[in-house]
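Everything on this sheet refers to the single structure shown next.
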């Protein structure tokens, strides 16, 4: 049972472009939505997170957009750089319980 | 520097052998987790522990075992009962009450020959 569906599976973006990764969830009790970034051979690291009381959160070039009614959230990477090439995971949790992860998106930024 | 140390980074084992992956943290976190990562399947939770001497099964616990005798350590044993053990294994920790903010180690890649 996949509670968080992530798309696309892979993404190629030109340097300077906008990378967009989408996630959809089923459980309306989820109340915390983080994104993790993973470089090859490394463990994931928390990138940015949002709670459902806001529709958008921005940190530098990274923005989470959240649509509670559609049960969707997305990660936007503005001015994408080759150093952003990594695997990105969305996730969700409810009430302080353990995270449920999406399947991941492999992003490649071409220079 | 505070962090999570996993060892070994690479491990090869023959079918039918048990193998233990080490995970140590000096972040003073109460909660620790083991995830398995396979291509296209994201991160799947194997076991987690919120306090010493207590742990719970995750979504794919069959064929695995853990112990939590010390706050800093959470070793994972991949037993011969695990039918498809070749994978990338990740250990993580978090503060109690903040399970969404995980700190991961660099992983251990297990290959069964």
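Protein chains in written order, with our numbering: chain Z, 24 to 134; chain A, 210 to 322.
Backbone N, C-alpha and C fix where the C-beta goes; we use that ideal spot for every residue, glycine too.
Item                                                                                                                                         : Value
Beta-carbon contacts of residue 224 of chain A that lie in its chain and below 8 Å, excluding the five residues immediately before and after : 289, 321, 322
Within-7 Å CB hit, residue 55 of chain Z to chain A                                                                                          : yes
Residues bridged to residue 50 of chain Z (per DSSP)                                                                                         : None; residue 50 of chain Z has no bridge partner.
The beta strand (DSSP E) enclosing residue 288 of chain A, as first and last residue numbers                                                 : Run containing residue 288 of chain A: none; DSSP gives neither H nor E here.
Residues of the region 84 to 103 of chain Z whose Cβ lies closer than 8 Å to any Cβ of chain A, in chain order                               : none
Under 8 Å from the C-beta of residue 315 of chain A: neighbouring residues of chain Z                                                        : 64, 65, 66
Length of the line joining the Cα atoms of residue 109 of chain Z and residue 67 of chain Z                                                  : 10 Å
Spatial neighbours of residue 280 of chain A in its chain, beta-carbon cut-off 6 Å, leaving aside the 5 residues before and after            : 261
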